Structures are given as C-alpha cells and as structure tokens.
Amino acid sequence: GNSVTQMEGPVTLSEEAFLTINCTYTATGYPSLFWYVQYPGEGLQLLLKATKADDKGSNKGFEATYRKETTSFHLEKGSVQVSDSAVYFCALLYSSASKIIFGSGTRLSIRP
Amino acid sequence: DGGITQSPKYLFRKEGQNVTLSCEQNLNHDAMYWYRQDPGQGLRLIYYSQIVNDFQKGDIAEGYSVSREKKESFPLTVTSAQKNPTAFYLCASSMDSPNYGYTFGSGTRLTVV
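The listed protein sequences correspond, in order, to chains A and B.
Position 105 (the first sequence) corresponds to 105 in my numbering; numbering is contiguous.
Position 4 (the second sequence) corresponds to 116 in my numbering; numbering is contiguous.
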C-alpha cells in the first residue's frame with residue numbers, strides 16, 4: 001500500500017549545524033510530496049511541497065527534492081536555528097486520492 | 113484573513129459524557145478532515161468530508177461522529193463509546209483536490225477527567 005517512512009527522532013543539533021531528515025515513500029503512480037512543521041501546542045503548517053519527479057520544494061531555508069529513482073524526499077537545511085525546533089512530518093498524496101498520508105513525525109531540537 | 117478555527121483550545125470532559133469540538137473555515141474549501149494526535153505520535157485520520165452532507169470514516173472512526181451540514185463547518189463529537197479520548201485533535205481543510213496541501217487549525221486538546 002501507500003505509505004511514508006521517516007527517520008525516528010528525536011534529532012538534536014547545535015545551532016548552525018546542517019540538517020537532514022530522511023523520508024522515503026511507497027506509492028502507486030506519481031504522488032505529490034509534502035513537508036509539514038508543527039510547533040509546540042499548534043497545528044501543522046505546510047513547509048514545502050513538490051508535485052513531480054526532480055522538483056525541488058523550498059521555504060525558509062529548507063529544501064527537499066523529489067527523487068523518484070530512490071523514492072525519497074529528504075528535508076535539508078544548511079544552518080539551523082533554535083527557532084527551527086519543532087516536529088517535522090513528511091506526507092504524500094497519491095494519484096486520484098482524496099486524503100494525504102502522513103509519516104510519524106521527527107522531533108528536532110536545536111541547542112543554542 | 114482566511115483560515116480555519118478550532119474551538120475551544122482546551123476542553124475537559126468527565127467520563128461518560130459526549131463532547132463536541134468545533135471546526136470552522138472561511139477558505140471556501142470543499143474538503144475537511146479530523147485527525148487525532150497522541151503524545152509523540154503521528155496523525156491518525158478519524159473522519160473526512162469532501163462535500164456537504166457527505167462524509168467517510170477514516171482509520172479510527174469508532175467512538176466518534178461528525179456532521180457536514182454547511183460547507184464551512186465540520187464538528188466532531190467524541191462519544192462516551194470512545195475508550196481513550198484524551199488527545200490533541202486537529203481539523204484540516206483543502207480544496208476539492210488536496211494537491212495543494214491541507215490548511216490546519218490550531219487544535220483542541222481534550223482531557224478526560
């Protein structure tokens with residue numbers, strides 16, 4: 001079936017470190033892929049998305065590239081800040097579906 | 113500003129009581145969704161609706177009920193049949209096709225006392 005697998009957390013980094021959060025998917029057809037971010041006590045916010053192979057989504061210094069050959073959509077940021085501490089969810093929408101499938105989330109903590 | 117509003121932010125319920133969580137959107141979105149999130153866990157889909165007066169069960173619908181009488185509103189009732197209702201509940205909406213992603217509300221934290 002269709003699913004999303006992301007790296008387990010928590011991930012703890014120092015400020016200005018390089019971030020990678022891995023995400024791989026299983027889906028039929030050509031899904032759209034998303035990264036959402038959830039700050040403590042809040043709902044999820046769309047961070048970035050990509051709708052076809054080789055697309056790169058980017059926002060607020062975060063990037064992710066849709067890699068069909070490796071079925072991956074890894075989230076990266078070159079220099080993280082304390083304010084990036086949150087839970088990050090990878091998600092997919094497969095062709096003709098009516099709802100998005102979410103990964104289990106990765107908690108990120110950034111030390112000053 | 114357009115958005116999606118959940119109320120209340122915090123809700124306490126005695127065991128055996130039904131409680132209704134409100135979700136309203138002014139984005140003119142066709143589809144609406146309810147998710148449950150437990151501490152340290154991902155999101156689990158309870159119910160969703162793609163059009164007024166129609167809705168479908170998600171993965172964990174037992175003990176919950178919904179209605180969609182208006183496009184803007186999708187209230188969730190947590191019934192006494194839900195064995196472990198303490199959780200964070202998130203409402204979301206999207207256009208007819210969710211290809212542009214969901215817009216989420218800020219959530220309601222329900223605690224059974």
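Heads up, the beta-carbon is just placed ideally off N, CA and C, and yes, glycines get one too.
A quick note: this is a predicted structure, and the numbers were derived from the prediction, not measured.
State the DSSP-derived secondary structure class of residue i, mapped to helix, strand or coil.
i: S83 (chain A); result: helix
i: D59 (chain A); result: As written in the sequence, residue 59 (chain A) is Asn, which differs from the Asp given in the question. Reduced to three states, the DSSP call for N59 (chain A) is strand.
i: Y176 (chain B); result: strand
i: Y39 (chain A); result: coil
i: Y214 (chain B); result: coil
i: K99 (chain A); result: coil
i: T5 (chain A); result: strand
i: A64 (chain A); result: strand
i: F34 (chain A); result: strand
i: Y94 (chain A); result: coil
i: T12 (chain A); result: strand
Rounded to whole angstroms, what is the Cα-Cα separation between residue i and residue j?
i: E136 (chain B); j: E15 (chain A); result: 38 Å
i: T189 (chain B); j: N140 (chain B); result: 23 Å
i: F89 (chain A); j: N22 (chain A); result: 10 Å
i: K52 (chain A); j: E8 (chain A); result: 26 Å
i: P187 (chain B); j: L133 (chain B); result: 6 Å
i: A27 (chain A); j: A97 (chain A); result: 11 Å
i: A143 (chain B); j: S185 (chain B); result: 10 Å
i: R67 (chain A); j: G57 (chain A); result: 12 Å
i: T71 (chain A); j: T24 (chain A); result: 6 Å
i: L155 (chain B); j: Y147 (chain B); result: 6 Å
i: N2 (chain A); j: G29 (chain A); result: 10 Å
Let me know if residue i comes out buried or exposed under the rule of 16 or more other beta-carbons within 10 Å of its beta-carbon.
i: A86 (chain A); result: buried
i: K77 (chain A); result: buried
i: S119 (chain B); result: exposed
i: Q153 (chain B); result: exposed
i: S206 (chain B); result: buried
i: Q149 (chain B); result: buried
i: K126 (chain B); result: exposed
i: K49 (chain A); result: buried
i: S79 (chain A); result: exposed
i: I116 (chain B); result: buried
i: A17 (chain A); result: exposed
i: I163 (chain B); result: exposed
i: P40 (chain A); result: exposed
i: P151 (chain B); result: exposed
i: Y122 (chain B); result: exposed
Could you pull out every residue in the same chain whose Cβ sits closer than 7 Å to the Cβ of residue i, ignoring the five residues on either side in sequence?
i: S93 (chain A); result: Here the sequence assigns Leu to residue 93 (chain A), which means Ser is not the residue at that position. Correct list, in chain order: P31, S32 and I100.
So residue i packs on residue j, CB below 8 Å; how close in whole Å?
i: L44 (chain A); j: F216 (chain B); result: 5 Å
i: N59 (chain A); j: L75 (chain A); result: No, N59 (chain A) and L75 (chain A) are not in contact; Cβ-Cβ is about 11 Å, not under 8 Å.
i: T106 (chain A); j: Q38 (chain A); result: Actually they are not in contact, since the Cβ atoms of T106 (chain A) and Q38 (chain A) sit about 11 Å apart, beyond 8 Å.
Give me, in chain order, the residues of the same chain whose beta-carbon lies closer than 8 Å to that of residue i; leave out the 5 immediate sequence neighbours on both sides.
i: A91 (chain A); result: V4, L33, F34, W35, Y36, I100, I101, F102 and G103
i: D84 (chain A); result: L19, K77, L108 and I110
Which residues in the same chain have their Cβ closer than 6 Å to the Cβ of residue i, if we skip the five residues on either side of it in sequence?
i: G175 (chain B); result: T191, A193 and Q194
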